[in-house]
Structures are given as C-alpha cells and as structure tokens.
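Encoded as structure tokens, the structure appears first; notes follow it.
Residue numbers (this note's numbering), protein chains in the order written: chain L, 465 to 587; chain A, 43 to 173.
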C-alpha cells in the first residue's frame, strides 16, 4: 500500500469496532474509530481526513446520508450485519495483512461471533 | 534522554484501555500510545469500557476520563476495576476532579495534558520506561 488509506470505522459495539479496526490496521490502513454519528462528525470537523467510511446497520445508513451530503468525497462501505463487517473488512485487505496481526479473517469472524454469543448469554 | 518512541520493541508489550468520550482527544492519545508500541482499545464511555472488560478484555492499564455520559462515569468504572480486576493499573484524567478523592481511583493525570506526557506516564506505570 503505497499511500496510507484513511478509514473511519464507526460502530456502536466496542468489541466489533476494536476487532475490525485492529484487523484493518494490520492491513496497513490508518484507522480512526467512532462510536456513533456524533463522534464521526466531531472527528471529521476536527480535521480528520477520511478516504473510506466503514459502518453497519441503521447507524451506517445515517452516516452514509450525512457523508453524501456533507462529504461526498468520502467513500462509504456499508454492512448489514457483524458478519458482513468482517467479510468486508477482509475484502478491503486485498493484499492481506502486512504486520502479521494476531488473527486472520476467519479467526476474526469466529472471535466476533464468540464474543457476541457470550454477551447475548449474559456472560 | 531516550525518546519514548524508541523504547518498546515488543509490540505485545502492553495493552491500554482508553476511555474518553471526546473522540478527537481519544484518537490523538490512542495514536500516540500506538506510536510507542502499545496496543490500544478505544472506548467512548465507561459503559463500553465495562462491556469490554466483562467480555474478557484484560488490558494492562485503563486510562479513563471522569465526566462521561452513560449509566456510570469514569470514577464508578475505576471503582469497579479496582474491585473486580485489581491487577489492572489505572490512570484517571479530569479537568475538574471536584470533591472526590481522585487519588484513590488511580494515578491522576490533570487535563489538559500533553500527549507525550500522558504516554510517558503510561509507560512508567507499565514499567516500560528505563530507570
């Protein structure tokens, strides 16, 4: 990756956000994290340059609408579910991780599912 | 003096759970911490941080602001961390610590702070700075 691509990853779930952000960092991207639309707005208005906005679900649609109106130069990657977040994160990493991250895409997906299942079970 | 950025060779040297509701401050400090080789988990409030810990996250250090939206503030988070995860080290930051005995919650880092100073404090607490 000759020029670092800047990703703004917005997800309300810290487990999903952190896992995907670390994966993308391992692939050589510069990743900023936001928990919601307001944080995304603050980061961009604070001077953060963003090439790709990455989000999911209803929040993703709201972010997409905001980005198209206020920042049409930003490309938006929308995912419908946690599973597609992992799959699309993997798709962004076309050349594979650069820094030997501690997991691959399949492991990431399994990890997210495990954590979400544990959380759903109240554990 | 050896620059902090040259100190950590091991990328798995330490993990920091950074809890800050102001995203620009959080992003800047997270990047500074990562630049010296620390791994950083970013939480936007105390509830998120607690969720991360409850899901099995085991950072070596929690750095938390006090005043944050949500069902608990940073002081309550630090109280819980002290009780449930006593081995996790703690830095508490605030511009207005108020009447609380903030020093019981962790090492106090007053706001505003310089990113380099905050990072050096984190490295000191983790025992990753040379004597």
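The C-beta atom is built at its ideal place from N, Cα and C for all residues, glycine as well.
- request: Go to residue 153 of chain A, then tell me how far its alpha helix (DSSP H) extends in each direction, as first and last residue.
  value: Unbroken run through residue 153 of chain A: none, as it is neither H nor E.
message: Just to check my reading of the structure: residue 118 of chain A and residue 137 of chain A have Cβ atoms closer than 8 angstroms, yes? What is that Cβ distance to the nearest angstrom?
response: No, residue 118 of chain A and residue 137 of chain A are not in contact; Cβ-Cβ is about 18 angstroms, not under 8 angstroms.
task: Could you tell me which chain L residues have their CB closer than 9 angstroms to the CB of residue 152 of chain A, listed as they occur along the chain?
output: Those within 9 angstroms of residue 152 of chain A in chain L number zero; the least Cβ separation is about 22 angstroms.
- prompt: Since residue 66 of chain A meets chain L, which of its residues come closer than 7 angstroms, beta carbon to beta carbon?
  reply: 506, 507 and 510
- prompt: Is there at least one Cβ from chain L nearer than 7 angstroms to residue 113 of chain A's Cβ?
  reply: no
- prompt: Between the Cα of residue 132 of chain A and the Cα atoms of A/153, A/96, A/164 and A/171, which residue gives the shortest distance?
  reply: A/164
query: What's the gap between the Cα of residue 122 of chain A and the Cα of residue 76 of chain A?
result: 26 angstroms
message: So for residue 484 of chain L, helix, strand or coil by DSSP?
response: helix
Sequence-distant residues of its chain with Cβ nearer than 6 angstroms to residue 57 of chain A (five each side left out): 81, 101 and 102
- prompt: For a contact meaning CB atoms closer than 7 angstroms, what does residue 57 of chain A contact in chain L?
  reply: The contacting residues do not exist; residue 57 of chain A stays about 11 angstroms from chain L at best.
- prompt: Once you ignore the five residues that flank residue 566 of chain L on each side, which residues in its own chain have a CB closer than 6 angstroms to its CB?
  reply: Because residue 566 of chain L sits at a pLDDT of 45, beneath the cut-off of 50, its placement in the model cannot be relied upon, and the following sentence gives the value as read from the coordinates. Excluding positions up to five away in sequence, the list is empty.
message: Could you check whether the Cβ of residue 109 of chain A sits closer than 7 angstroms to any Cβ belonging to chain L?
response: no
task: List the residues of chain B whose Cβ lies closer than 8 angstroms to the Cβ of residue 158 of chain A, in chain order.
output: In the structure shown, chain B does not exist; the protein chains are L and A.
- prompt: When DSSP builds the beta bridges, which residues end up paired with residue 85 of chain A?
  reply: A/61
Ranges of the beta strand (DSSP E) found wholly within the region 490–533 of chain L, counting only runs of at least 3: 494–498 and 516–520
- request: Quick one: grab the DSSP three-state call for residue 565 of chain L.
  value: Confidence in residue 565 of chain L is poor, its pLDDT being 48 and thus under 50, which makes the residue's placement unreliable; the coordinate value appears in the next sentence. Three-state result, residue 565 of chain L: coil.
task: Taking 7 angstroms as the cut-off, decide whether the C-beta atoms of residue 74 of chain A and residue 135 of chain A are in contact.
output: no
task: Measure the C-alpha to C-alpha separation of residue 540 of chain L and residue 524 of chain L and round it to an integer number of angstroms.
output: 9 angstroms
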